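Remarks on the structure that follows.
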Amino acid sequence: MSEPSLIRRENPSEGVARIVLARPERRNAQTPTMLYQLDDALSEATNDAQVKVIILAADGPDFSSGHDLGDVFTVPGPPVATMGGHLDAGGAEGHYAFECEAYLGLSRRWRDIPKPTIAAAQGRSIAGGLMLLWPMDIIVASEDATFADPVTALGVNGVEYFTHVWEVGHRRAREMLFTGEPITAPDAKALGMVNHVVPLAELESFCLTLATRIAARPAFGLRLAKESVNRSLDAQGQSVLLESALSLHNLGHAASLARHGVFIDPDGPAMIRKTPTSPR
Ligand code: ZN
Numbered sequence: 002m003s004e005p006s007l008i009r010r011e012n013p014s015e016g017v018a019r020i021v022l023a024r025p026e027r028r029n030a031q032t033p034t035m036l037y038q039l040d041d042a043l044s045e046a047t048n049d050a051q052v053k054v055i056i057l058a059a060d061g062p063d064f065s066s067g068h069d070l071g072d073v074f075t076v077p078g079p080p081v082a083t084m085g086g087h088l089d090a091g092g093a094e095g096h097y098a099f100e101c102e103a104y105l106g107l108s109r110r111w112r113d114i115p116k117p118t119i120a121a122a123q124g125r126s127i128a129g130g131l132m133l134l135w136p137m138d139i140i141v142a143s144e145d146a147t148f149a150d151p152v153t154a155l156g157v158n159g160v161e162y163f164t165h166v167w168e169v170g171h172r173r174a175r176e177m178l179f180t181g182e183p184i185t186a187p188d189a190k191a192l193g194m195v196n197h198v199v200p201l202a203e204l205e206s207f208c209l210t211l212a213t214r215i216a217a218r219p220a221f222g223l224r225l226a227k228e229s230v231n232r233s234l235d236a237q238g239q240s241v242l243l244e245s246a247l248s249l250h251n252l253g254h255a256a257s258l259a260r261h262g263v264f265i266d267p268d269g270p271a272m273i274r275k276t277p278t279s280p281r
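The numbering of the sequence shown is the working numbering, which starts it at 2 and goes up by one.
Structural data, given as structure tokens:
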């Protein structure tokens, strides 16, 4: 790939890989190229026998400001999460194929990495930012971290990986989606969405210590534990719900396309910028 690398891999200690979102000047806004570079890095760490635990972290003040809506909606190489049919169809048909592959498909693929994963979140995680955090096994937040899904402003239900109800419970999920306002790190911990809240200066070392403790255990036991938790979620209907919610999400895109000629409500980005972002 001739594109500059937007992802960095580090090996901070034995058995631990640290994969870093490295586009801080754009607050780690995700282009499709960046998502596939992330997938490459996660695949490489997954297939590296020396790696037992993967940390996902981010450079800069914010974990991720979400999908880069100024970029193209095209898969930059061969599809990896789906068979990819109709990606070039254009209109609602092509966009649905794109989101099945590059959004829902990649997030589900990462949820199922057969090794423990730990996310380190500082600053803001907005919309698509949640689609990198929620598929990870353990989330550690800095005290300043906030989590928001404001995309009802764009005329859709929520982000394309719709696990909100599992992450924060259905009452808070409704409020989060209806207002678009952020959840603070302490609230996210109280809701069970994050495992730990630590000072920003300790975020990296805390995650590494936790990863090292986990990496001391047998890899196959860890894998079986992870798969059992994931299957518990699927037994509750999570995998079926994800597909159902993506269908409704793309109904929203199709309605915007019919009404406005674009996939999102054109007034949405300005509405999101006006949404209160300070902790309540
Ligand atoms: Zn979408």
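Don't be surprised by glycine CBs; every beta carbon is placed ideally from N, CA and C. Being a predicted model, the structure only gives us computed values, none of them experimental.
Beta-carbon separation (whole angstroms), residue i vs residue j, contact threshold 8 angstroms
| i | j | result |
| --- | --- | --- |
| Ile-184 | Val-54 | The Cβ separation is near 26 angstroms, so there is no contact. |
| Ala-246 | Phe-163 | 3 angstroms |
| Ile-56 | Ala-121 | 6 angstroms |
Identity of the residue in the options nearest residue i by Cα
| i | options | result |
| --- | --- | --- |
| Ala-90 | Ser-14, Ser-65, Phe-99 and Ala-82 | Phe-99 |
| Ser-143 | Pro-151, Ala-186 and Val-157 | Ala-186 |
| Leu-105 | Arg-274, Gln-239, Pro-270 and Ser-257 | Gln-239 |
| Asp-268 | Asn-29, Glu-4, Arg-112 and Thr-153 | Thr-153 |
| Leu-209 | Ser-14, Asp-72 and Asp-60 | Ser-14 |
| Asn-231 | Val-160, Asp-41, Thr-180 and Pro-136 | Pro-136 |
| Gln-123 | Gly-67, Gly-71, Asp-63 and Leu-178 | Asp-63 |
Host beta strand (DSSP E) of residue i (start-end)
| i | result |
| --- | --- |
| Val-1 | For residue 1 there is no data in the structure shown, the boundaries of the chain being 2 and 281. |
| Leu-22 | 17-22 |
| Arg-9 | 8-14 |
| Ser-233 | No beta strand (DSSP E) contains Ser-233, which is instead part of the alpha helix (DSSP H) from 220-236. |
| Phe-148 | 147-149 |
Buried versus exposed call for residue i [16 or more other C-beta atoms within 10 Å across all chains shown]
| i | result |
| --- | --- |
| Asn-48 | exposed |
| Asn-282 | Examination of residue 282 is not possible in this model, given that the chain is present from 2 through 281 alone. |
| Ala-259 | exposed |
| Leu-107 | buried |
| Ala-50 | exposed |
| Arg-175 | exposed |
| Ile-8 | buried |
| Arg-109 | buried |
| Pro-117 | buried |
| Gln-237 | exposed |
| Val-141 | buried |
| Glu-102 | buried |
Endpoints, the alpha helix (DSSP H) within which residue i is located
| i | result |
| --- | --- |
| Ala-259 | 239-261 |
For this session: Specify whether the region 124-133 and the region 170-177 touch according to this definition: at least 3 beta carbon pairs, one from each stretch, less than 8 angstroms apart.
Result: no
For this session: Decide if the region 186-204 is in contact with the region 66-82; the criterion is three or more beta carbon pairs, one per stretch, under 8 angstroms apart.
Result: no
Exercise. Is it true that the region 23-39 meets the region 196-212, where meeting means three or more beta-carbon pairs spaced less than 8 angstroms apart?
Worked result: no
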